[in-house]
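Participant: After the structure tokens below, expect a handful of questions from me.
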């Protein structure tokens, strides 16, 4: 069976002490930096919450080395590149990973919903237009009927007036 090298787990306690679980001893940030330089895979965990503190610890090592002036490998340019690459890698991971797929699917669903809503509104407007044409035809028919009735009312009023005029005795 092939020997598989395991990750070296470092526990960080509430008092900020670091404990190497493989060597069963307390270690410093410098010791962890040396382990990383030697190619060891290190994982730093909060002892109580079990939260992974590896990134924070490695960033702290870089900070402490820069602060003390011991780190010559990290120029401003390389740190800037590291930060920019990190951001681009994050965006790339988000776009290509589950979040990107979720956003893509949400955009597809949004387009489908907009299309369905447009179709529904179009159908409602077409139905309303047909109904409006029917109502306009009915209004036109009713206006013609009203005009007919007005003519009949005027004719009846004229006849009534003529009857009254002819029925009155001369003076």
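Residue numbers (our numbering): 231 to 401.
In this text, a Cβ means the ideal position worked out from N, Cα and C, and glycines have one as well.
On a predicted model such as this, the values are computed, not experimentally measured, just so you know.
#1: Which of the three DSSP states is assigned to residue 395 in this structure?
#2: Which one of 385, 274, 365 and 269 has the shortest CA to CA distance from residue 241?
#3: Here's the rule: buried if 16 or more other CB atoms are within 10 angstroms of the residue's CB, otherwise exposed. What is residue 287?
#4: Name the residue from 352, 346 and 271 whose alpha carbon lies nearest to the alpha carbon of residue 284.
#5: Kindly indicate the opening and closing residues of the alpha helix (DSSP H) around residue 256.
#6: Determine whether the beta carbon atoms of residue 248 and residue 294 lie at a separation below 8 Å.
#7: Have a look at the DSSP bridge pairing and note the partners of residue 240.
#8: Work out the CA separation of residue 360 and residue 371 for me, nearest whole Å.
#9: Please state if the CB of residue 281 and the CB of residue 244 are separated by a distance shorter than 8 Å.
#10: Between residue 261 and residue 253, what straight-line distance do the alpha-carbon atoms span, to the nearest angstrom?
Facilitator: This is what the structure gives:
#1: On the chain shown, position 165 is the one that residue 395 refers to. In this structure, residue 395 counts as helix in the three-state DSSP scheme.
#2: On the chain shown, residue 241 is found 11 positions in, with the first residue counted as 1. Put simply, of 385, 274, 365 and 269 the residue whose alpha carbon is nearest the alpha carbon of residue 241 is 274.
#3: Locating residue 287 in the chain shown gives position 57, where the first residue counts as 1. Taking every protein chain shown into account, the CB of residue 287 has 16 or more other CB atoms within 10 angstroms, so this residue is buried.
#4: Here residue 284 refers to the residue found at position 54 of the chain shown. Looking from the CA of residue 284, the closest CA among 352, 346 and 271 belongs to 271.
#5: For this step, residue 256 is matched to residue 26 along the chain shown. Residue 256 -> not in any alpha helix (DSSP H); beta strand (DSSP E) instead, spanning 255–257.
#6: Locating residue 248 in the chain shown gives position 18, where the first residue counts as 1. Locating residue 294 in the chain shown gives position 64, where the first residue counts as 1. With a cutoff of 8 Å on beta-carbon distance, residue 248 and residue 294 are scored as not near each other.
#7: Walking along the chain shown from the start, residue 240 turns up at place 10. In DSSP, residue 240 forms a bridge with 250 and 274.
#8: By one-based count along the chain shown, residue 371 stands at place 141. By one-based count along the chain shown, residue 360 stands at place 130. Spanning the two alpha carbons is a distance of roughly 17 Å.
#9: Taking the chain shown and counting its residues from 1, one reaches residue 244 at position 14. Taking the chain shown and counting its residues from 1, one reaches residue 281 at position 51. The Cβ-Cβ distance between residue 244 and residue 281 does not fall below 8 Å.
#10: Looking up residue 261 in the chain shown gives position 31. Looking up residue 253 in the chain shown gives position 23. Whole-angstrom Cα-Cα distance: 12 Å.
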